[in-house]
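Trainee:
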Amino acid sequence: MRFRFALALIFMAALTRLLPHPPNFTPIGAMGLFGAAYFGNKRLALIIPFVALFVSDLILNNVVYSQYYTSFTWFTSSWIYLGFALVMLAGYFILRNDRSPSRIFAASLTASLLFFLVSNLSTWLGSGMYPQTFAGLLTCYTAGLPYLGNTVFGDLFFSAVMFGTYSWFLKTKMQRA
């Protein structure tokens, strides 16, 4: 029952990506942290959040953003998935023995910063918008700062919802037993 509820939370979070939202206010970081914290089987902790991200990406890219792609798009950026993997790794180390609110808060902030660093590095390396110099990298990170706030708020909000809902579920289940 716990596994199914955790699975449902991750896929419901992924579906919220399809709803209108401010830029970067998404559940991506929270999904990775939650999966890393609550799936005991390490393979499942990795696979389930990645599948949820991939499926929601497929829908976003081929339905919501279909006017931007000339053909069916399976995959858009390996950098996003690298950032997601690093978030999950950080979540595993930060939350593996302690899922207190302060640790979840710290993990959420870490997730936001990791994702910011990786996604902006990918923009600097791959877009041609910035010179391939240290100054160009700093300019790219500076240009990305307005989006960091929404990333932080999104990670904190969705982490609070996911971890809080799961905690409530466990307490409710224990009271019924």
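Every letter in the sequence shown is one number past the one before it in the numbering used here, and letter 8, counting from 1, is -7.
C-beta atoms are modelled at their ideal positions from N, C-alpha and C, and glycine is treated no differently.
Taking its Cβ as the centre, do 16 or more other Cβ atoms sit within 10 Å of D42, making it buried, or is it exposed?
Mentor: Label assigned to D42: buried.
Trainee: So, with DSSP's three-state summary, where would you put L3?
Mentor: Here L3 sits in coil by DSSP.
Trainee: The alpha helix (DSSP H) spanning N198 covers which residue range?
Mentor: The first residue shown for the chain is -14 and the last is 162, placing residue 198 beyond what the model contains.
Trainee: For P5, which option in T108, V49, L155, G17 has the closest C-alpha, if you only look at C-alpha atoms?
Mentor: Selected option, being the one with the closest Cα: V49.
Trainee: Would P86 be called buried (16 or more neighbouring beta carbons within 10 Å of its own) or exposed?
Mentor: The residue is exposed, with fewer than 16 neighbouring Cβ atoms inside 10 Å.
Trainee: Is DSSP giving Y66 helix, strand or coil here?
Mentor: Y66: helix per DSSP, three-state reduction.
Trainee: Nearest-angstrom Cα distance between S97 and F19?
Mentor: Their backbone Cα atoms lie some 14 angstroms apart in a straight line.
Trainee: DSSP three-state label for Q160, please.
Mentor: Helix at Q160.
Trainee: At a cut of 8 angstroms, does the stretch -13 to -5 reach the stretch 146 to 156 through at least three beta carbon pairs?
Mentor: The stretch -13 to -5 vs the stretch 146 to 156: in contact.
Trainee: Just how far apart, CA to CA, sit W109 and L29?
Mentor: About 33 angstroms.
Trainee: For V137 and A(-2), what's the separation of their Cα atoms in angstroms?
Mentor: Their backbone Cα atoms lie some 16 angstroms apart in a straight line.
Trainee: Reducing DSSP to helix, strand and coil, say where G76 ends up.
Mentor: Note: G76 maps to helix in three-state DSSP.
Trainee: Let me know if M16 comes out buried or exposed under the rule of 16 or more other beta-carbons within 10 Å of its beta-carbon.
Mentor: Buried, because 16 or more other Cβ atoms sit within 10 Å of the Cβ of M16.
Trainee: Suppose you measure from the CA of S62 to the CA of W153; what does that come to, to the nearest Å?
Mentor: The straight-line gap from Cα to Cα measures roughly 35 angstroms.
Trainee: Measuring straight from C-alpha to C-alpha, what distance separates Y77 and F119?
Mentor: Those two C-alpha atoms are separated by around 31 angstroms.
Trainee: When the Cα of N9 is compared with those of A37, S104, A21, A91, which residue comes out closest?
Mentor: Of A37, S104, A21, A91, the residue nearest in Cα terms is S104.
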